[in-house]
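Written out below as structure tokens is the structure these notes cover.
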DNA sequence: AATTCGTTCAACCGCCAAAGA
DNA sequence: GTCTTTGGCGGTTGAACGAAT
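Residue numbers (the numbering used here): 12 to 281.
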């Protein structure tokens, strides 16, 4: 355990750093439950914790508060993160506001460990158009499919629904507002509202997936800023280099069961 | 069994803006 | 108007752990 000294008036208070002990967690939890959040610096002192206010705040928000959601990021949450990140970039706290029980730190870690890993595997920058296209055309449809499969409804041919205008459906009057855009479909139970940054935003995982399977590229580009450009003909599995990718997408573990290039190629042939 | 390597995530750091003195 | 304190945010680090060799 590390300490750092800090002058406070006449007192030289030694601040603890590093991992929190069970006793510290108890002290903080009991104090916050009795007195509420806020005034973290004085809270730390009054609770008898030799920690900075910032450290206490972080510990409470990221680990101790009772409404935290534990466990793996679900496909619905993944889809929402991808969607919101495409809109807002690295605004982790803003994104976290739309995932109840998840912290900005958790989402940031998810992005860095999972999403950036895929970009690295594809040998492209996470902010590049190519990677955004992969997210939009491979990853998100796959997530939608998984969500639909898990919910028991009939799976939609994602490629067709995204790219064939005849099967696409424009949002209609009365559909649910999502940011500046509209989407059709039922609301999920974890719908949240935020009125930050002047424009009211409503986002739900279900509405995002519905919108994704029901809408066309132009509309998607309008609402997300993605420049959709599904290739006219996809390369065969053995010809990935024509897309500039030498990565073997058949290998297992590309976001669990994310589509292999062969899956996509086969769909193209149907 | 021991060692190396890769991944995950809790915690820290630095910067910035808002509030208060 | 200026300085100080406080809290919030995004970026980064490092310990812990599991998998691979």
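Glycine included, each C-beta is placed from N, C-alpha and C at the ideal position.
From the options, residue whose alpha carbon lies closest to that of residue i
{"i": "residue 78", "options": "27, 162, 40", "result": "40"}
{"i": "residue 113", "options": "129, 146, 72, 123", "result": "72"}
{"i": "residue 83", "options": "136, 31, 36, 125", "result": "125"}
{"i": "residue 151", "options": "109, 115, 96, 123", "result": "96"}
{"i": "residue 122", "options": "88, 162, 48", "result": "88"}
{"i": "residue 34", "options": "25, 51, 59", "result": "59"}
{"i": "residue 94", "options": "148, 29, 132", "result": "148"}
{"i": "residue 353", "options": "63, 116, 48, 105", "result": "Residue 353 lies beyond the residue range present for the chain, which begins at 12 and ends at 281; the question has no answer from this structure."}
{"i": "residue 32", "options": "67, 109, 43", "result": "67"}
Proximity below 8 Å, CB of residue i to CB of residue j
{"i": "residue 99", "j": "residue 118", "result": "no"}
{"i": "residue 61", "j": "residue 27", "result": "yes"}
{"i": "residue 36", "j": "residue 69", "result": "no"}
{"i": "residue 111", "j": "residue 158", "result": "no"}
{"i": "residue 133", "j": "residue 146", "result": "no"}
Alpha helix (DSSP H) segment containing residue i, residue limits
{"i": "residue 69", "result": "64–70"}
{"i": "residue 33", "result": "33–46"}
{"i": "residue 147", "result": "Premise fails: residue 147 is in no alpha helix (DSSP H) and is neither H nor E."}
{"i": "residue 53", "result": "51–57"}
Cβ-based burial, residue i [other Cβ within 10 Å; buried from 16]
{"i": "residue 53", "result": "exposed"}
{"i": "residue 143", "result": "buried"}
{"i": "residue 91", "result": "buried"}
{"i": "residue 153", "result": "buried"}
{"i": "residue 46", "result": "exposed"}
{"i": "residue 25", "result": "exposed"}
{"i": "residue 107", "result": "buried"}
{"i": "residue 57", "result": "exposed"}
{"i": "residue 29", "result": "exposed"}
{"i": "residue 55", "result": "buried"}
{"i": "residue 156", "result": "buried"}
Any non-hydrogen atom of the ligand PLP closer than 7 Å to residue i Cβ
{"i": "residue 143", "result": "What this structure holds is no ligand at all, so the ligand PLP is not there to describe."}
Report task. Could you tell me which uninterrupted beta strand (DSSP E) segments, each at least 3 residues in length, are contained entirely in the region 91–134, listed from first to last along the chain? Result -> none
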